[in-house]
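Trainee: If you scroll down you'll find the structure; I have some questions about it.
2 protein chains.
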Amino acid sequence: MKVQLENVKPMDIEKRSFAIITEELGYELPEDKAPIIKRCIHTSADFDYAQNLMFSDDVVEKALKALKNGACIVTDTQMAKAGINKKALQKFGGEVYCFMSDEEVAEIARKNGTTRATASMDKAAALQKPLIFAIGNAPTALVRLYELIEDGKLQPELIIGVPVGFVNVVQSKELIMQADVPYIVAKGRKGGSNIAACICNALLYMAGGRE
Amino acid sequence: MKVQLENVKPMDIEKRSFAIITEELGYELPEDKAPIIKRCIHTSADFDYAQNLMFSDDVVEKALKALKNGACIVTDTQMAKAGINKKALQKFGGEVYCFMSDEEVAEIARKNGTTRATASMDKAAALQKPLIFAIGNAPTALVRLYELIEDGKLQPELIIGVPVGFVNVVQSKELIMQADVPYIVAKGRKGGSNIAACICNALLYMAGGRE
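If you read the sequences in order, they're chains A and B.
Sequential numbering from 1 applies to the first sequence in this note's numbering.
Sequential numbering from 1001 applies to the second sequence in this note's numbering.
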């Protein structure tokens, strides 16, 4: 079979991809959410994200305001941390934290019989900063965030709740959607570190963080 | 709505997830490929990976042999690099390279009007080591690998060809499946850095790299 490559300049590949996504979707998305939904589809080639992303009231407006005010991002994987556009975030004064590989976090998790994700959320909650949580892997992180919010110990600017998987993933997302917190959640089993990172990046680019 | 969490110990979550995947699949996968296919589903919650992963002849056997002999892994994203279990790889003497952020690579790409992914493959090809390529993002990386192989300038131990997206992604994978190289490819548009990393990890765990 002869393979025919499409002739698209490096700088135009993303633009062309978004045009294909828009065309194949075939219907209009809400204007403030479209860049987020389309970037999730761009990252996964999975059009399920047109249906499964849930947004709390005015969440995009709130998220952009938080980012512009220098909110920091806490993730539950080194992969999501690697994927977030840190240059764009730094432009507003924010930085990214992931405590999953901290020896101290591993030690506390062992002692308490929890996941490291749970322990790392406790460590993050102690930061005296406006925080956005981008959870792409561990449902236990979302469950702990829910508890911290319910106990009045944490008030995040935004929770991006997109862990992926088969054990307590669906439930952990339902919990977050019941909490008093701005959220963007991928309802169901799907999500991932790539999705967590790309939602952060979509927001950063909407906020004007891209050069 | 009352949310009911399943009571699974942290150390048992992955095992339980794989059991759910096996049950829901409802049919037997080839024994040597099952851990790879199931880990892709585990990473994405997307059962399409039961259908779209393509394996060249004896590729799993060849890949495990290469890893055990200390092959190094080259990726096209920092995210995939972050996701690969480096402790497991180091056990066999291998390491992970990603040249995408190298200033030299950016410079060459600018000069040649190519993507950085293309330039980073040229840099990788100059390494005098047995190499496994794990491409989760850039189809242009796969196209360049195809050219290098065709020109007799590169003979990888394995290409994991799982870029995701809408422009030349499908075609770049078809090219690799036509080349004389062991491959694991996600046919179609799907894939990603997470999929690239998890295929590496599946192979590493099969090779005995996990503690």
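Glycine included, every Cβ here is placed at the ideal spot set by N, Cα and C.
(1) Following the continuous beta strand (DSSP E) through A:T214, name the residue where it begins and the one where it ends.
(2) In this structure, does DSSP put A:A186 in helix, strand or coil?
(3) What is the residue span of the alpha helix (DSSP H) that A:A109 lies within?
(4) Are the beta-carbon atoms of A:G165 and A:P139 separated by less than 8 Å?
(5) On a Cα-Cα basis, can you pick out the residue from A:M177, A:E157, A:I84 and A:A186 that is closest to A:E61?
(6) One question on the structure: do B:A1141 and B:D1076 come within less than 8 Å of each other, judged by their Cβ atoms?
(7) Grab me the residues of A:L67's own chain with a C-beta within less than 8 Å of its C-beta, minus the 5 sequence neighbours each way, in chain order.
(8) So, using beta-carbon positions, are B:P1163 and B:S1056 closer together than 8 Å?
(9) In chain order, what residues of the same chain lie with their CB nearer than 6 Å to the CB of A:S172, ignoring the 5 residues before and after it?
(10) For A:T114, go through chain B and note every residue whose CB falls closer than 8 Å to its CB, in chain order.
(11) Ordered along the chain, which non-local residues of its own chain (more than five positions away) have a Cβ less than 7 Å from that of A:L64?
(12) Counting only beta-carbon separations shorter than 8 Å, does B:N1168 have a partner in chain A?
(13) Is any beta-carbon of chain A found at less than 8 Å from that of B:N1201?
(14) Any beta carbon of chain A sitting closer than 8 Å to that of B:M1079?
(15) Does the beta-carbon distance from A:Y146 to A:I184 come in below 8 Å?
(16) In three-state DSSP terms, what is A:A126?
(17) Please identify the residue among A:E104, A:A124 and A:A134 whose C-alpha is closest to the C-alpha of A:A186.
(18) If you measure from the beta carbon of A:R39 to each beta carbon in chain B, is any gap under 8 Å?
(19) With H, G and I counted as helix, E and B as strand and the rest as coil, what does DSSP make of A:Y27?
(20) Tell me whether the beta-carbon of A:K136 lies closer than 8 Å to the beta-carbon of A:A80.
(21) Check for me: the beta strand (DSSP E) holding B:V1096 runs from which residue to which?
(22) Along chain B, in chain order, which residues have C-beta atoms closer than 9 Å to that of A:A45?
(23) B:G1161 by DSSP, collapsed to three states: which one?
(24) Near B:F1099, which residues of its chain fall below 6 Å by C-beta distance, leaving aside the five closest residues on each side in sequence?
(25) Does the distance from the CB of A:N201 to the CB of A:N52 come in under 8 Å?
(26) Using a C-beta to C-beta distance shorter than 9 Å, which residues of chain B count as neighbours of A:G83?
(27) So with CB distances below 8 Å, who are the chain A contacts of B:I1021?
(28) So what does B:F1055 bridge to, in DSSP terms?
(29) Is the Cβ of A:G13 closer than 8 Å to any Cβ of chain B?
(30) Within 10 angstroms of the Cβ of B:S1101, are there 16 or more other Cβ atoms? Answer buried if so, exposed if not.
Mentor: Result, derived from the coordinates:
(1) Residue 214 of chain A falls outside the range modelled here, since chain A spans only 1 to 211, and no answer is possible.
(2) strand
(3) Per DSSP, A:A109 belongs to the alpha helix (DSSP H) from E103 to N112.
(4) yes
(5) A:E157
(6) In terms of Cβ geometry, B:A1141 and B:D1076 form a close pair [threshold 8 Å].
(7) L89, F92, G94, I132, L203, L204, A207 and G209
(8) No. Outside cutoff.
(9) P139, L142 and V143
(10) P1010
(11) L203, M206 and A207
(12) Contacts with chain A at 8 Å (Cβ-Cβ) include B:N1168.
(13) no
(14) yes
(15) no
(16) Three-state result, A:A126: coil.
(17) A:A134
(18) no
(19) coil
(20) At residue 136 of chain A the sequence reads Gly, which differs from the Lys that was named. Yes.
(21) First-last of the beta strand (DSSP E) with B:V1096: V1096 to C1098.
(22) V1164, G1165, F1166, V1169, G1188, R1189, K1190, G1191 and G1192
(23) strand
(24) V1105, S1120 and K1123
(25) no
(26) T1077, Q1078, M1079, A1082 and S1193
(27) F166
(28) B:I1184
(29) The identity of residue 13 of chain A in the sequence shown is Ile, whereas the question assumes Gly. At least one C-beta of chain B is nearer than 8 Å to the C-beta of A:I13.
(30) That one is exposed.
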